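To start, the structure itself, in C-alpha cells.
Protein chains: 2
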Amino acid sequence: MRIIEEKIELEKYLRSIAFTDYREIEEIEEKVKKIITDVIFRKDEAILEYTRLFDCKEIEFVDLTVKEDEIERAYLECQEEEPEFIEALKIAYENIYQYHLRQKEETWLYVKGDTILGQIIRPLEKVGIYVPGGNGSYPSTVLMNSIPAKIAGVKEIIMVTPPDKHKKINKYTLAAAKICGINKIFKVGGAQAIAALAIGTQLIPRVDKIVGPGNIYVAIAKKVLFGVVDIDSVAGPSEVLVIADSSANPKYVAADLLSQAEHDTRAKSILITTSKELAFEVVENINEMLKTNPNPIAFQSIEKNGVVIIVEDLEEAASISNIICPEHLELCCKNPEELIFKIKNAGAIFVGEFSPEPIGDYIAGPNHVLPTSGTARFFSPLGVYDFVKRVSVIKYSKDQFFKDAPLAIEVAQKEGFSFHANSLKVRLEDVQK
Amino acid sequence: MRIIEEKIELEKYLRSIAFTDYREIEEIEEKVKKIITDVIFRKDEAILEYTRLFDCKEIEFVDLTVKEDEIERAYLECQEEEPEFIEALKIAYENIYQYHLRQKEETWLYVKGDTILGQIIRPLEKVGIYVPGGNGSYPSTVLMNSIPAKIAGVKEIIMVTPPDKHKKINKYTLAAAKICGINKIFKVGGAQAIAALAIGTQLIPRVDKIVGPGNIYVAIAKKVLFGVVDIDSVAGPSEVLVIADSSANPKYVAADLLSQAEHDTRAKSILITTSKELAFEVVENINEMLKTNPNPIAFQSIEKNGVVIIVEDLEEAASISNIICPEHLELCCKNPEELIFKIKNAGAIFVGEFSPEPIGDYIAGPNHVLPTSGTARFFSPLGVYDFVKRVSVIKYSKDQFFKDAPLAIEVAQKEGFSFHANSLKVRLEDVQK
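Chains as they are written, first to last, in the numbering used here: chain Y, 1 to 433; chain S, 1001 to 1433.
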C-alpha cells in the first residue's frame, strides 16, 4: 500500500485519477454496437443466440422466461433452510422503504395573478432492472434498485439477469425478487438484455429506464442507448475514502478499506489521515487480515490502488476528499459531524466508528447504488427521483394573456421567430377587438 | 398536411415515429471524437484552430474571452435602443425565477432509533451553458438555462457560444447574460466547446455539467462525454401536439402548429381532433398563413411532418398523445382541465385557448428546455433538480450497530463478500466484549 506524504507526489496522484479516458472503451463499443444492431433486426432470435453463446449453451427460448413457481420455490427453499437470511432481507426491505419514502415528491400547482402554473409528478411506466448473474448472488441489488421504483409508483418492473450454465438463476436473487414483488424476470444478460429492454422484443417489453450494475458490456450498451431509453449513471470501479485522525481504530479502518478492495482489482481504497502512527497500524492490520483471508482480488486491489495520504489537519483531508469525490466516504475522527458540511462531493458519508460502509450496503436504508469514479461531482445516489418525470402545466386566462403576450412577442421577434410572434398576435388581435 | 383517419394508417404512423435510430449518427460521431481527442491532447491550441476553421477565420486567442465591457456595451445599447426588449427580459427573468424557486429541495436528516439518516443537497460547483450562435440570437436560452442553476446555488456559470465571422456575439444574447449575472463567456462553439468544458483547458474551466441546445455536433459531443461530465438530456427535433375539439379556434390552432414548424424542417406539428370540420379549417388557415408569411422551413416542416389525426373522442386523443409523448402539448377543448390527468407523457401541457406554446417559451415561468422526440416518456423539463446532487448520510450508534450488523453480515455472506462481513465482525466482536 502506497504512502503519500509529499505535496508534489499528492498532486501527481490526484491528477492521475482525475480523468477516466473514454477512449479506452472504443474496442468494446464496436462489439456492443454489433449486438445491439442484431437485436434491433432479429429481436428474440438474436437474444436466444447470444444467451446460448455467452451464458448457457443448452437453453431454449421457452426457458428464457422465469416461471412463477421457480420464484416461489427459491423463496420457500431459502425460508426453510436459511430463515435468518430471509428475515434480514425483510428488515432491509423495510429500512430501505422508509428512507426512500422521504424522497417522494408531490405534484404542485399555484395561481399567479390569473395564471395557473405547476409541475405534475408522474411515475415512469416500465422500468428494467439488470442484475448480474453467472455464479454470483445479488439479493441486495434487487432491493436497492426496485424499492425506489415502487415508491415512485412504477407499475411494471422487469428484471433481467443472465442464467448460469445449468439454465438457473441464483436462489437468493430470486428470493429477493419475491420479497420485492417482482414477477417478470427473464434469463437474459449482457448487452443483448439492455438492447431488448431499450427497444422491446416480443419476449421482453420496452421500458422507459434501465438501472442496475453490470459488466463493461452492460455499461457500454446502456451508454450507447442513452436517449432511446433513460439509464442510471454510468458506473465504473468503486472507491472508499476514509478520513481518520489518531482517535480512529486501525483495525476498523483496515477492515473497511479491505471490504472495498474485494469488489474489484480496480477498486480504490484510500486513507487520508493526520496520524502517521495510525497509517502504519492500518497497513499492518491490512497485511494481517490478508494473511488470514488470502483473497487475490483484494490483495491486488490494495497493491495497485491502495493509498494512504498523510495530511496536516482534517480541513486538508476534507479538501483532498472533495477533489477525489469518493463513492463512499467514512469519517473516523473526533467530532465527525463537524466535518460533514465541509464535504462537497461524495456519494454517501458514513459518520463515526460504528458506521462502516457495509452497514450501508445492506441494512441502513439509504441506497447503495452510488456515483463512482469521481462522478459524485455531479451524480446522486439512486433514488425515487430517478423513477419519475415532471410535466409542466401552464394555463393562462384571457386577462393575463393580454398583459404578457406583448412581452413574449418582443423576445420572439428578437430571436427571429415570426410564427411564434404570430401565434401570440392572432389571439391578441381578437382580445383587443 | 397529411390527414389520418384510418386505424391502420394511424398505427403505421405511430410505429414510424416510435424509434429514433441511433445508428444514423455514427458518421458524425467519428468526426466529433476526432475533435474531442484533439482538445484532450492540444487543449487551447485545438480550440483556437477549430474556432478559426468553423466560425471565424481571423480570430486570435485573446479574442476568445468576452471582455466585461463587451457585455456592458451590448446591454446598454439594447437598453437605449430597445428598452421594451430589456423590460420584457427582466419580467421573464422574474417569472422564471419565481416558478423555479418552488423546485428547490432542502437537506433533510432524521433519527431512526439510534441512527441518524439523511440526504444532503449540494449545488454543482461549476456549470457550462452552451448557447448557439452564428447569425442567431438566443436571449431566452440564456435565461432558461442559467436561472435554475443560480437557484440551485451554482457558484460559477460558464457560457460558451460561437462567434460570427466578425468575431462578435449577438448583442441580445449578451444582454441576457448581463441580466443573468453571467460574466464568464467564451467565443467557442461546436464539439470543441463541449470538449473544453468537459475536460478543462487553460482558458476554459472544467465544469460538472453542460446544458443548452446546439447542433448535431454539440449533441453528439455531449453524449460521447456523458459520464466524464454530466449533461442535460439528448435533444432532438422538437414537436407540438394540439388536442382540439369543435370548440377550438382554427386560426389559433393553425398559428400554434406553424410556430413549431418554423424551428426545423424535422420538427413535428401534430393535431389530434374529434372534429373533421376543424381539421379542414386548420389546414386552410395554415395554407393562408404560409402565403402571408412564406417561410420555407415552416412550409417544408408542415409538408413533411405535419399530421392531423381524426379521433372519436378526447379519451382516444389523450391515449394517442401518450404514445407520441410530445414535447409541447396544447389542450384546446371544452373543460381542458379534465384532460390533464389523463396525460402521462408530455414535456409541458398548455391548457386552454389563451395558453399558446410561445407564451411558455418566453414569459410564463416554467422552463422551455423540454424533453423532445418522445423522451418525455422518461425525461423532465430542465429544472433546479438538474443542478444539484444529493449526498446520503449514515450515522450509527453503538447500540443500533449491535442490532443491525448481524443482519448485514447475513446478506454479505450470501453475496460472497467475506471482507464486507469482516468489517462488521471486527466491530461486533469489540461491542460484545
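A virtual CB, placed ideally from N, CA and C, is assigned to each residue, including glycine. These figures come from a predicted structure and were not determined experimentally.
Practice task
Would you decide whether Val-1240 of chain S is buried or exposed? Buried here means 16 or more other CB atoms lie within 10 Å of its CB.
Solution key: buried
Exercise for the section: Could you spell out the range, first to last residue, of the beta strand (DSSP E) harbouring Pro-1148 of chain S? Expected result: Careful: Pro-1148 of chain S lies outside any beta strand (DSSP E), inside the alpha helix (DSSP H) at 1139-1152.
Handout entry: Ser-1238 of chain S versus Leu-1329 of chain S - alpha carbon distance
Key = 11 Å
Practice task
Closer than 7 Å, Cβ to Cβ, to anything on chain S: give me those residues from the segment 408-423 of chain Y, in chain order.
Solution key: Ala-408, Glu-410, Val-411, Ala-412, Lys-414, Glu-415, Gly-416, Phe-417, Ser-418, Phe-419, His-420, Asn-422, Ser-423
Handout entry: For Ile-158 of chain Y, the nearest candidate out of Y:Phe-186, Y:Ser-140, Y:Lys-67 (CA to CA)
Key = Y:Phe-186
Exercise for the section: Mind checking the segment 212-227 of chain Y against chain S and listing, in chain order, the residues whose C-beta falls within less than 8 Å of any C-beta there? Expected result: Lys-223, Val-224, Leu-225, Phe-226, Gly-227
Practice task
Compare the Cα-Cα distances from Tyr-1217 of chain S to each of S:Asn-1422, S:Glu-1027, S:Met-1289, S:Ala-1149 and report the closest residue.
Solution key: S:Glu-1027
Handout entry: Of the residues Y:Pro-250, Y:Lys-222, Y:Val-384, Y:Ile-270, the one placed nearest Glu-277 of chain Y, counting alpha carbons only
Key = Y:Pro-250
Problem - Cut-off 6 Å between Cβ atoms - residues of its own chain near Asn-295 of chain Y, not counting five sequence neighbours on either side - result: Glu-262
Practice task
Flag this pair as yes or no: are the beta carbons of Ile-86 of chain Y and Cys-78 of chain Y separated by less than 9 Å?
Solution key: yes
Practice task
Look at the Cβ atom of Gly-1360 of chain S, then the Cβ atom of Ile-394 of chain Y, and state whether they are nearer than 9 Å.
Solution key: yes
Handout entry: Same chain, Cβ closer than 6 Å to Ala-421 of chain Y, five either side skipped, listed in chain order
Key = Ile-409, Ala-412, Gln-413
Practice task
Using only the heavy atoms of the ligand ZN, determine whether one of them is closer than 8 Å to the beta carbon of Gln-1079 of chain S.
Solution key: Annotation note on the ligand ZN: not contained in the displayed structure, which lists no ligands.
Handout entry: Listed by chain order, chain Y residues near Leu-1124 of chain S by CB distance under 9 Å
Key = Arg-377, Phe-378
Problem - Beta-carbon proximity list for Leu-1314 of chain S, same chain, < 7 Å, skipping 5 on both sides - result: Ile-1243, Asp-1245, Thr-1274, Cys-1333, Leu-1339
Practice task
Keeping to the same chain, check which residues put their C-beta closer than 8 Å to that of Asp-1439 of chain S; ignore five residues upstream and five downstream.
Solution key: Nothing about residue 1439 of chain S can be read from this structure; chain S reaches only from 1001 to 1433.
Exercise for the section: Return the CA-CA distance between Lys-222 of chain Y and Lys-1389 of chain S, expressed in angstroms with no decimal places. Expected result: 21 Å
Problem - Alpha-carbon to alpha-carbon, Ala-317 of chain Y and Asp-1264 of chain S - result: 52 Å
Practice task
Could you have a look at His-100 of chain Y and say whether DSSP puts it in helix, strand or coil?
Solution key: helix
Practice task
For Leu-1258 of chain S, return the contacting residues in chain Y, with the cut-off set at a CB-CB distance below 8 Å.
Solution key: Phe-419, Asn-422, Ser-423
Exercise for the section: Tell me whether the beta-carbon of Asp-256 of chain Y lies closer than 9 Å to the beta-carbon of Ser-1423 of chain S. Expected result: yes
Problem - Residues bridged to Ala-1046 of chain S [DSSP beta-bridge criterion] - result: Paired residue(s): none; Ala-1046 of chain S is not in a bridge.
Practice task
Could you round the C-beta distance between Ala-1177 of chain S and Val-1154 of chain S to whole angstroms and report it? I think they count as a contact, below 8 Å.
Solution key: Rounded, the Cβ-Cβ distance is 15 Å, inconsistent with contact.
Handout entry: Sub-9 Å separation of Ile-323 of chain Y and Gly-306 of chain Y beta-carbons
Key = no
Handout entry: Interface flag, Glu-1277 of chain S vs chain Y, CB-CB below 9 Å
Key = no
Exercise for the section: Give a yes or no on contact between the segment 340-353 of chain Y and the segment 373-389 of chain Y, applying the rule of three or more CB pairs nearer than 8 Å. Expected result: yes
Exercise for the section: Measure the alpha-carbon distance for Val-1283 of chain S versus Ile-1004 of chain S and round it to whole angstroms. Expected result: 13 Å
Problem - Between the CA atoms of Lys-31 of chain Y and Ser-146 of chain Y - distance to the nearest angstrom - result: 29 Å
Problem - C-alpha distance - Val-188 of chain Y paired with Ser-392 of chain Y, whole-angstrom precision - result: 37 Å
Handout entry: Residues sharing a beta bridge with Glu-156 of chain Y, DSSP
Key = Y:Lys-126
Problem - Where Arg-1052 of chain S sits in the DSSP three-state scheme - result: helix
Handout entry: Local conformation of Glu-164 of chain Y per DSSP, three classes
Key = Here residue 164 of chain Y turns out to be Asp, not Glu, going by the sequence shown. Coil, per DSSP.
Practice task
Assuming Tyr-1252 of chain S and Val-426 of chain Y form a contact by the criterion Cβ under 8 Å, report the distance between their Cβ atoms to the nearest whole angstrom.
Solution key: 6 Å
Exercise for the section: Please classify Lys-1291 of chain S: is it buried, with 16 or more other beta-carbons within 10 angstroms of its beta-carbon, or exposed? Expected result: exposed
Handout entry: Distance CB(Gly-1118 of chain S)-CB(Asn-1170 of chain S) smaller than 9 Å
Key = no
Problem - The alpha helix (DSSP H) enclosing Thr-173 of chain Y, as first and last residue numbers - result: 171-179
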